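Enquirer: With our numbering applied, the sequence shown corresponds to residues 222 to 735, in that order.
Ideal placement from N, C-alpha and C gives every residue a C-beta, glycine not left out.
Since this is a predicted model, take the numbers as computed values, not measurements.
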Amino acid sequence: HLDLSGIAANVEIAGPGFINIHLSDEFVSAQLEQLRNDQHLGSEIPASQTIVVDYSSPNLAKEMHVGHLRSTIIGDAVARTLEFLGHQVIRQNHMGDWGTQFGMLIAELEEHLGEGERPELALGDLEVFYQQAKKHFDDDPAFAEKARNYVVKLQSGDEHCRALWQQFITISVAHSEAVYKGLNVTLKHTDIRPESAYNDDLANVVADLQKQQLAVEDQGAQVVFLEELADKKGNPSPVIIQKSGGGYLYATTDLAALRFRSHQLHADRILYFIDARQSLHMKQVFTLAKKAGFVADNVSLEHHPFGTMMGKDGKPFKTRSGGTVKLTDLLQEAVERASKLVKEKNPQLSDDDITLIGRKVGIGAVKYADLSKTRTNDYIFDWDAMLNFEGNTAPYLQYAYTRIRSIFRRAGLDQQPDRGQIHIASPHEKSLSMQLLQFGQVLDQLAREAHPHVLCNYLYELASHFMAFYEHCPILKEDVPEQTRESRLAIAHLTAEIMSTGLDLLGIEVMEQM
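1. Residues bridged to I461 by DSSP?
2. If you compare alpha carbons, which of C694, A646, R709, L667 is closest to E247?
3. Would you report the Cα separation of Y600 and F527, rounded to the nearest angstrom?
4. For V372, which residues from the same chain have a beta carbon less than 6 Å from its beta carbon, with the 5 sequence-adjacent residues on both sides left out?
5. From A513, D605, T595, pick the residue whose C-alpha is nearest to that of K432; which is it?
6. Nearest to A632 by CA position, among A713, L653, V400, G296, is which residue?
7. Return helix, strand or coil for V701, following the three-state DSSP convention.
8. Nearest to P279 by alpha carbon, out of N598, R630, P415, K566?
9. Checking the sheet assignment: what are the DSSP bridge partners for Y493?
10. Within 10 angstroms of the Cβ of I719, are there 16 or more other Cβ atoms? Answer buried if so, exposed if not.
11. Among Q659, L657, P648, E730, whose alpha-carbon lies nearest the alpha-carbon of S245?
12. Among L423, V520, E611, L664, which one has its Cα closest to the Cα of Y469?
13. Can you tell which of D725, F687, P616, A606 has its C-alpha closest to the C-alpha of S654?
14. Return no unless some Cβ of chain C is closer than 7 Å to the Cβ of S627.
15. Below 8 Å on the Cβ atoms is my guess for A615 versus K594; work out the distance and round it to an integer in Å.
16. From G296 to Y493, what does the alpha carbon distance come to, in whole angstroms?
17. Ignore the nearest five residues each way along the sequence and tell me which others in V412's own chain have a CB closer than 7 Å to its CB.
18. Please confirm if the region 596-610 is in contact with the region 569-580, defined as three or more CB-CB distances below 8 Å between the two stretches.
19. Would you mind reading off the limits of the beta strand (DSSP E) that contains I311?
20. I272 to G467, Cα distance in whole Å?
21. Enumerate in chain order the residues of its own chain whose CB-to-CB distance from A586 is below 7 Å, with the five nearest sequence positions on each side excluded.
22. Using the C-alpha atoms, what's the distance from F538 back to G583?
23. Quick one: residues in its chain with C-beta nearer than 7 Å to the C-beta of A368, no 5 flanking neighbours on either side, listed in chain order?
24. Considering only the alpha carbon of each residue, which of P362, D496, A510, A268 lies closest to H308?
25. Evaluate contact between the region 381-401 and the region 546-554, counting only Cβ atoms and requiring at least three cross-stretch pairs below 8 Å.
26. Using DSSP with H/G/I as helix, E/B as strand and the rest coil, what is N405?
27. Taking the beta strand (DSSP E) that E438 belongs to, which residues open and close that run?
28. Let me make sure I understand the geometry here. Which of N678, A671, R490, H333 has the alpha-carbon closest to that of L618?
29. Excluding the 5 residues preceding and the 5 following R480 in the sequence, name in chain order all residues of the same chain whose CB lies nearer than 8 Å to its CB.
30. Closer than 6 Å by C-beta to V299: which residues in its own chain qualify, once you throw out the five before and the five after it? Chain order, please.
31. Determine the direct distance from the alpha carbon of R490 to that of L306, and round the result to whole angstroms.
32. Between which two residues does the alpha helix (DSSP H) holding K539 run?
33. Tell me which residues share the same chain as G728 and place their Cβ nearer than 7 Å to its Cβ, disregarding the 5 neighbours each side in the sequence.
34. E304 and E348: beta carbons closer than 7 Å?
35. Short of 6 Å in beta carbon distance, which residues of its chain neighbour L683, apart from the five on each side in sequence? Order them along the chain.
36. Apart from the five residues on each side of it in sequence, which residues of its chain come closer than 7 Å, Cβ to Cβ, to E733?
This is the structure we're talking about:
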């Protein structure tokens, strides 16, 4: 016998195997009161874990482009949410600052410096510089040989090469950090632990795998054959960890990084936000890391893949000339388009306000258009759709938030209103309240599954419920009883708090007016 007294208003059988439980207004009101006093807004706080989140991680050979957007903003939303739920989150930006392309770039930089040019000027446009170096490398055998020699020198610690490489890295990182600032993501300089950080451990990784008789020589290379990932014909999956010439591979570096994250950072969970094309690579590395004891059995290794951003033509998103779209250009265009829209809607705003609001709306629109799609799917990048002030978009949610805040300004209550008791008395109040009470469950799901779209969908539903509540439940009209007004103000305030918290977890800024 289930006692629902004080919880359910009525219970009814609704066909075979279905029971409808209608919660009482009093119970819902009491739950909302608890929510108002809970700094985690209804989220169950689990035992705190140490969670490493590997995201963004661009190669430093060129400027960040649209291909880096998804890892950066999805990983950031998940990291923010895990932190909000009380976990110790260690962000790891595994930047690609090592490898053969750096010999080519150092050789190109050396030629520029020979003319007395300063590195920061030579690298003013990384994309152009990289293309020049690549063309030089492909067209000029003498230059290509010089570049290969620089790789050997760089890897053996030659001081001059290291100095040039370091200048290149410093300027490249500055480019990336400007993008992070523009995108409003939480990655800091101290979160960078690049590929080169693991250089000294790569020989140890190979030696340990040889010692355990996991790595065997195959045509001069060191290879691990994983029976666990055998194909349909029973052939084991080969993982090369050292080339015949002695060079190491991405798998070797990734194994060293996993060992560091497990043994030094003491991670309980390690999350990777890397695109779906790397799925086999990640499976191989995870399987081998566990098999070799580099990572303890109880550590959860998770690859959270994502699809590709597509243009309206259904092909990967490019510039009109078919080139790669730089993230700085994309964000600048977003702000310009949004500012134009804001000015059209509010011509009386000052230029400073238009710039500020345009930035928040434009960047928010780009991020939300991505985060609101199921992570594993490809999606179409569409300026008109993402900057629409109606529908499941960031501008709609930002506008809904400002609408709520305007109620308090009109009531002369800019700060938190007097804490009147919440009394649910109408279907629209109850419907909105039930939505508010689901916030914690949504965050728990996001933390478990690393799917930010569940939070986006929730916030859109919440905004829609609020708009219906606002239309049917007057707050500031003179004939509204004071107790009802205070209750509705409290519900509105809680809605604004959950909306701003949810958007902040997605890395999207709100504003008091638009």
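Expert: From the atom records:
1. Start at 1 with the first residue of the sequence shown, and residue 461 comes out as number 240. Answer is V444.
2. Taking the first residue of the sequence shown as 1, we reach residue 247 at position 26. Nearest of C694, A646, R709, L667 to E247, Cα basis: A646.
3. As a working note, residue 600 is residue 379 in the sequence shown. As a working note, residue 527 is residue 306 in the sequence shown. Cα to Cα, the separation comes out at about 10 Å.
4. Position 151 of the sequence shown, counted from the first residue, corresponds to residue 372. Around V372: T321, G324.
5. For this step, residue 432 is matched to residue 211 along the sequence shown. When each option's Cα is compared against that of K432, the closest is A513.
6. Translated into positions along the sequence shown, residue 632 becomes position 411. Comparing Cα-Cα distances from A632 to each of A713, L653, V400, G296, the minimum goes to A713.
7. Stepping through the sequence shown from its first residue, residue 701 is reached at position 480. Looking at V701 - three-state DSSP - the assignment turns out to be coil, as it is neither helix nor strand.
8. Your numbering for residue 279 matches position 58 in the sequence shown. Closest by alpha carbon: P415.
9. Translated into positions along the sequence shown, residue 493 becomes position 272. BP columns for Y493 point to D275, H524.
10. Within the sequence shown, the letter at position 498 stands for residue 719. Answer is buried; the Cβ neighbour count reaches 16.
11. Taking the first residue of the sequence shown as 1, we reach residue 245 at position 24. Out of Q659, L657, P648, E730, P648 has the C-alpha closest to the C-alpha of S245.
12. Counted from its first residue, the sequence shown places residue 469 at position 248. When only C-alpha atoms are compared, the closest one is L423.
13. What you label residue 654 is simply residue 433 of the sequence shown in a count that begins at 1. Among D725, F687, P616, A606, the Cα nearest to that of S654 belongs to F687.
14. In the structure shown, chain C does not exist; there is a single protein chain.
15. Walking along the sequence shown from the start, residue 615 turns up at place 394. Walking along the sequence shown from the start, residue 594 turns up at place 373. In fact, because the Cβ distance is near 13 Å, the residues do not count as touching under 8 Å.
16. Numbered from 1 along the sequence shown, position 75 holds the residue referred to as residue 296. Numbered from 1 along the sequence shown, position 272 holds the residue referred to as residue 493. C-alpha separation (whole angstroms): 8 Å.
17. By 1-based counting over the sequence shown, the position of residue 412 is 191. One detail in the question is off: residue 412 reads as Asp in this sequence, not Val. For D412, where only same-chain residues beyond five positions count, the Cβ hits under 7 Å are R312, Q313, N314.
18. no
19. Start at 1 with the first residue of the sequence shown, and residue 311 comes out as number 90. Element bounds for I311: 309-313.
20. On the sequence shown, residue 272 is found 51 positions in, with the first residue counted as 1. On the sequence shown, residue 467 is found 246 positions in, with the first residue counted as 1. Cα-Cα distance, rounded: 34 Å.
21. Here residue 586 refers to the residue found at position 365 when the sequence shown is read from its first residue. Answer for A586: A555, A559, M607, L608, T614, A615, P616, listed in chain order.
22. As a working note, residue 583 is residue 362 in the sequence shown. As a working note, residue 538 is residue 317 in the sequence shown. Going by the C-alpha atoms only, they are around 18 Å apart.
23. Working through the sequence shown from its first residue, we reach residue 368 at position 147. Taken in chain order, the residues that qualify are G324, M325, A328, F358.
24. The residue you call residue 308 lines up with position 87 of the sequence shown. Nearest of P362, D496, A510, A268 to H308, Cα basis: A268.
25. yes
26. Position 184 of the sequence shown holds residue 405. In this structure, N405 counts as coil in the three-state DSSP scheme.
27. Here residue 438 refers to the residue found at position 217 of the sequence shown. That run of the beta strand (DSSP E) goes 436-439.
28. As a working note, residue 618 is residue 397 in the sequence shown. The shortest C-alpha separation from L618 is found at N678.
29. Here residue 480 refers to the residue found at position 259 of the sequence shown. So the list reads D422, V426, A510, F515, V516, once near-sequence residues are dropped.
30. Position 78 of the sequence shown, counting from 1, holds the residue named residue 299. Excluding positions up to five away in sequence, the list reads A671.
31. For the purposes of this step, residue 306 is identified with residue 85 of the sequence shown, where counting begins at 1. For the purposes of this step, residue 490 is identified with residue 269 of the sequence shown, where counting begins at 1. Going by the C-alpha atoms only, they are around 15 Å apart.
32. Taking the sequence shown and counting its residues from 1, the one referred to as residue 539 is at position 318. Taken as a continuous stretch (DSSP letters only), K539 belongs to no alpha helix (DSSP H), as it is neither H nor E.
33. Position 507 of the sequence shown, counting from 1, holds the residue named residue 728. Excluding positions up to five away in sequence, the list reads I294, D297, A298, R301, N405, V406, K588.
34. The residue labelled residue 304 in the question sits at position 83 within the sequence shown. The residue labelled residue 348 in the question sits at position 127 within the sequence shown. No, these two residues do not count as a Cβ contact at 7 Å.
35. Residue 683 sits at position 462 when you count from the first residue of the sequence shown. The answer, listed in chain order, is Q656.
36. By 1-based counting over the sequence shown, the position of residue 733 is 512. Only T623, R626 meet the Cβ criterion.
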